[in-house]
Amino acid sequence: MTGLVRLGIWTAIVAVGMSRGFAEDTPEVAPPLTADQSAELTRTWEKVRFDMTKAIEANPKNLNAYSRRGDACFFLGRFEEAVADYDEMNKLDESQASSHWRRGIALFYAGKFKDAAAQFESYHSFDQVDRENGIWRYLSQYKAFGREKAREGLLKYEKDDREPFPSVYKLFAGTMKPDEILERIEAAEISKDEREKRLFYAHLYIGLNHTVEGDAAAAQRHLRLSTLNKWGPAAGYGPNYMWHVGRLHEELLRTSVKK
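Just so we're aligned, residue 691 is where the sequence shown starts under the numbering used here, counting upward by one.
Right, here's the structure in full:
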């Protein structure tokens with residue numbers, strides 16, 4: 691998915707994180723980010739939220755400020771506030787309402803699964819190639835109605851999308867296993883960067899599938915790997931947003947296990 695605004699803040703944090711090194715050799719149960727990295731993220735996005743609030747107070751029609759504050763709220767786990775800001779964006783510019791995939795994801799994490807599914811259905815009218823949108827609609831429908839209805843409602847695509855999304859779609863349809871997706875990525879004759887990219891998305895969506903299927907332990911393992919992936923946080927706006935999705939979901943799962 692692509693976004694309207696590029697946020698360069700995380701690029702600097704990634705550089706710091708890479709120089710410190712993500713703990714790839716630590717036990718699988720260890721958090722993917724250090725306490726310092728997590729605290730740094732919180733400080734960064736709290737500042738963005740504060741600055742954008744000031745910008746909105748100065749100009750209540752500042753579309754970009756609502757966009758950036760909505761992202762900051764989402765990255766801080768303030769999902770309902772993110773939805774509210776994305777809704778304000780749509781009020782200010784109705785033309786982007788159908789393509790506002792960030793709103794759909796925020797609705798999903800706010801627990802408004804039917805509304806999330808409707809947003810992704812609307813996005814399909816805007817883009818009928820992006821299977822990642824269909825993946826999110828499936829996840830939303832699964833939470834709202836269960837697996838059988840979600841599979842029946844899988845969006846139809848006539849054109850090929852970039853891997854691993856077609857393979858993930860087959861996973862949701864029940865015609866491919868998680869290991870098959872990962873094995874295909876490892877066996878593909880592609881560049882190292884492309885492999886890292888495909889592994890990022892594969893682990894993210896395999897993890898999210900395990901989540902809706904009710905296997906929290908397997909979900910956490912894959913979401914941890916997507917968070918440790920070096921391509922995701924350093925890529926453009928859309929992949930960066932999805933990296934935060936995996937990071938937040940892994941944290942939610944890890945925190946719930948400790949309670």
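We put the beta carbon where it would ideally sit given N, CA and C, even for glycine.
Out of the options, state which residue places its alpha-carbon closest to the alpha-carbon of residue i.
i      : options                           : result
Val902 : Glu771, Tyr799, Met779 and Ala755 : Tyr799
Arg837 : Glu848, Ser812, Ala863 and Ala720 : Ala863
Tyr891 : Glu771, Tyr828, Lys849 and Thr917 : Thr917
Leu861 : Asp850, Glu848, Leu844 and Ala877 : Leu844
Gly801 : Met866, Glu778, Glu771 and Glu842 : Glu771
Ala840 : Arg852, Pro929 and Ala808         : Ala808
Ser946 : Lys920, Trp933, Pro929 and Ala906 : Ala906
Leu938 : Lys920, Phe769 and Tyr859         : Phe769
Pro868 : Ala908, Ile896 and Ile746         : Ile896
Ile746 : Tyr859, Glu778 and Gly904         : Glu778
Glu842 : Gln727, Tyr859, Trp933 and Pro929 : Tyr859
Ala720 : Ala787, Lys849, Leu915 and Thr734 : Leu915
What span of residues does the alpha helix (DSSP H) with residue i cover, start to end?
i      : result
Ser857 : Phe855 to Ala863
Leu766 : Unbroken run through Leu766: none, as it is neither H nor E.
Met742 : Ala725 to Ala748
Leu913 : Ala906 to Leu918
Lys839 : Arg837 to Glu842
Leu845 : From DSSP, Leu845 is part of no alpha helix (DSSP H); its letter is neither H nor E.
Ala892 : Lys882 to Glu903
Gly922 : Trp921 to Ala924
Arg793 : Trp791 to Tyr799
Glu873 : Pro868 to Ala877
Thinking residue i and residue j are a contact (beta carbons under 8 angstroms), I'd like their distance in whole angstroms, please.
i      : j      : result
Phe855 : Arg821 : 4 angstroms
Leu829 : Leu898 : 6 angstroms
Trp826 : Phe803 : Between Phe803 and Trp826 the Cβ distance is about 11 angstroms, and since that is not below 8 angstroms, they are no contact.
Ala762 : Met742 : 7 angstroms
Gln910 : Leu889 : About 17 angstroms; that fails the 8 angstroms criterion.
Asn823 : Tyr813 : 5 angstroms
Are the beta-carbon atoms of residue i and residue j separated by less than 9 angstroms?
i      : j      : result
Ala834 : Ala796 : no
Val935 : Leu894 : yes
Leu913 : Glu940 : yes
Tyr931 : Arg793 : no
Glu870 : Ser857 : yes
Legend entry - At least three beta-carbon pairs within less than 8 angstroms, the stretch 924-938 to the stretch 869-884: no
Inset, instruction - Report yes or no: do three or more beta-carbon pairs, one from the stretch 729-743 and one from the stretch 755-773, lie closer than 8 angstroms? - result: yes
Inset, instruction - Kindly confirm or deny that the stretch 771-783 and the stretch 748-755 touch, where touching means at least three C-beta pairs closer than 8 angstroms. - result: Yes, since at least three Cβ pairs between the stretch 771-783 and the stretch 748-755 fall closer than 8 angstroms, the two stretches touch.
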